[in-house]
Amino acid sequence: MKLFTRSLLLLFVLAAFSSCKKDEAEEPAAPAPAGSDLQLLQSATDGTYTLELYNKTGQLLVGHNTVFVRLKNDGSTVSNASLSWMPMMTMDMGGSTHQHSCPYSAITATSTDPTLFQGYVVFNMASSPMGSWEMTLTYDTGSGPHEVVMSVNVLASDSDFKKRYTSSIGTDSVTYLLAMVEPSNPEGGVNDMIVGLYKRVSGTEFPVVDGYTIRVDPRMPGMGNHTAPGNVDLTQGADGFYHGQVGFSMTGYWKINLIVEDGSGTALCGEPVTETNLESSVHFKVSF
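If you're matching positions, the sequence shown starts at 4 in the numbering used here and goes up one per residue.
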């Protein structure tokens, strides 16, 4: 009798376990959200609306940042909206405050998803106890503009062997800002190079500079400061960015020396590399 009871109990347990396993196997998987390769940076709510900022790394850095925006109403994504933004840093100046913005683009819908918008922001300083960044986003779905403000954290991007953003006061007394977009993953050989070039007009105006040339001279400081072939100076494309090529003949640490010239060929900032001048004051750094 005990043997029969134990056998019956064992059969019941096995049947229950089998049923559970079957239920697990048949449970439908949750669909992957559109833009699932993106990571949420920050969000803010305004009534039934929510604005979300995304990028591919989950971090904002000093320099060029491609940022994606989603607008939701009661949890559903919205496509028929106009969006704009204004990044602003507030700095503690020891009893007073100072505010400034940075270069940034308009926000436009992506070509692959009408509910996903994108633009770029070129942060010119990192967040710190002395200064913090906020993004004011304005959205309009047809009933008038509404604003939301969200704090964002911007990390420093410079290190001993990496530098993707630089600025310089030109011989014309204009402050120029340069942000490297590509190569984002440099490799040996000739790399496509894309740079954003901007100028400071005021603390809130940083327009794109048109019609200039950026001379490129990569050097390897740890290997006799030798250069590499395949370089093409950068000129402005239809997208507003400056396009060219930069060559790296081997892996390691490279300094990409730059000279910014105006439309007449006059050098405004940066210097040639010579035997006595080992680097331009305007440069990027890569290490791979």
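A virtual CB, placed ideally from N, CA and C, is assigned to each residue, including glycine.
- Query: Quick one: is Val-152 buried, meaning 16 or more other Cβ sit within 10 Å of its Cβ, or exposed?
  - Reply: Within the sequence shown, numbered from 1, the residue matching residue 152 stands at position 149. Exposed, because fewer than 16 other Cβ atoms sit within 10 Å of the Cβ of Val-152.
- Message: Need the endpoints of the beta strand (DSSP E) that His-246 sits in, please.
- Response: Your numbering for residue 246 matches position 243 in the sequence shown. Note, His-246: beta strand (DSSP E), 245-251.
- His-101: first and last residue of the uninterrupted beta strand (DSSP E) it sits in: Counted from its first residue, the sequence shown places residue 101 at position 98. Run containing His-101: 100-103, per the beta strand (DSSP E) assignment.
- Item | Simplified DSSP state of Pro-90, which is helix, strand or coil | Along the sequence shown, read from residue 1 onward, the residue named residue 90 stands at position 87. Three-state result, Pro-90: strand.
- Item | Residue(s) in a DSSP beta bridge with Phe-287 | Numbered from 1 along the sequence shown, position 284 holds the residue referred to as residue 287. Per DSSP, Ile-259.
- Query: What does a CB cutoff of less than 8 Å around Gly-134 pick up in its chain, not counting 5 residues either side in sequence?
  - Reply: Residue 134 sits at position 131 when you count from the first residue of the sequence shown. So the list reads Met-92, Thr-93, Met-94, Asp-95 and Met-128, once near-sequence residues are dropped.
- Query: By a C-beta neighbour count over all protein chains shown, 10 Å radius and 16 as the cutoff for buried, is Thr-51 buried or exposed?
  - Reply: Start at 1 with the first residue of the sequence shown, and residue 51 comes out as number 48. Looking at its Cβ environment, which holds fewer than 16 other Cβ atoms inside 10 Å, Thr-51 is exposed.
- Item | For Val-212, the nearest candidate out of Val-177, Met-196, Asn-228 and Asp-220 (CA to CA) | As a position in the sequence shown, residue 212 is number 209, starting the count at 1. When each option's Cα is compared against that of Val-212, the closest is Val-177.
- Neighbour-count burial assignment, Leu-158, 16 or more Cβ in a 10 Å radius: Along the sequence shown, read from residue 1 onward, the residue named residue 158 stands at position 155. Flag for Leu-158 reads exposed.
- Query: In angstroms, rounded to a whole number, what distance separates the CA positions of His-101 and Gly-206?
  - Reply: In the sequence shown, residue 101 corresponds to position 98, counting from 1. In the sequence shown, residue 206 corresponds to position 203, counting from 1. Cα to Cα, His-101 sits roughly 9 Å from Gly-206.
- Identify every residue that forms a DSSP beta bridge with Lys-202. Position 199 of the sequence shown, counting from 1, holds the residue named residue 202. For Lys-202, which the question treats as bridged, DSSP gives the partners Tyr-179.
- Limits of the unbroken beta strand (DSSP E) element including His-149: On the sequence shown, residue 149 is found 146 positions in, with the first residue counted as 1. From DSSP, the beta strand (DSSP E) with His-149 extends over 149-155.
- Item | Continuous beta strand (DSSP E) stretch holding Phe-71: start and end | Counting from 1 along the sequence shown, the entry for residue 71 is found at position 68. Start and end: 66-76.
- Message: On the criterion of 16 or more Cβ atoms from any shown chain inside 10 Å, does Asp-242 qualify as buried, or is it exposed?
- Response: For the purposes of this step, residue 242 is identified with residue 239 of the sequence shown, where counting begins at 1. Exposed is the call here.
- Message: If distances are taken between C-alpha atoms only, which option among Pro-189, Glu-55, Arg-218 and Ser-82 comes closest to Trp-88?
- Response: The sequence position of residue 88 within the sequence shown is 85, counting from 1. It is Glu-55.
- Query: Is the number of C-beta pairs between the region 69-89 and the region 160-179 that are closer than 8 Å three or more?
  - Reply: no
- Apart from the five residues just before and just after Ala-28, which ones in its own chain have a Cβ nearer than 8 Å to its Cβ? To locate residue 28, count along the sequence shown from 1; it is residue 25. Summary for Ala-28: the model assigns pLDDT 35, below 50, so the residue's position carries little reliability, and this model does not support an answer.
- So, do the region 257-274 and the region 212-231 have three or more beta carbon pairs nearer to each other than 8 Å? yes
- Item | Simplified DSSP assignment, three categories, for Pro-221 | Here residue 221 refers to the residue found at position 218 when the sequence shown is read from its first residue. Strand, per DSSP.
- Does the Cβ of Gly-147 have 16 or more other Cβ atoms within 10 Å, making it buried, or fewer, making it exposed? The count along the sequence shown starts at 1 and reaches residue 147 at position 144. With fewer than 16 other Cβ atoms within 10 Å, it is exposed.
- Same chain, Cβ closer than 6 Å to Gln-121, neighbours up to 5 away in sequence not counted: Translated into positions along the sequence shown, residue 121 becomes position 118. For Gln-121, where only same-chain residues beyond five positions count, the Cβ hits under 6 Å are Phe-71 and Thr-113.
- For Arg-222, the nearest candidate out of Leu-261, Ser-154, Lys-202 and Ser-160 (CA to CA): Here residue 222 is taken as the residue at index 219 of the sequence shown, counted from 1. Closest by alpha carbon: Leu-261.
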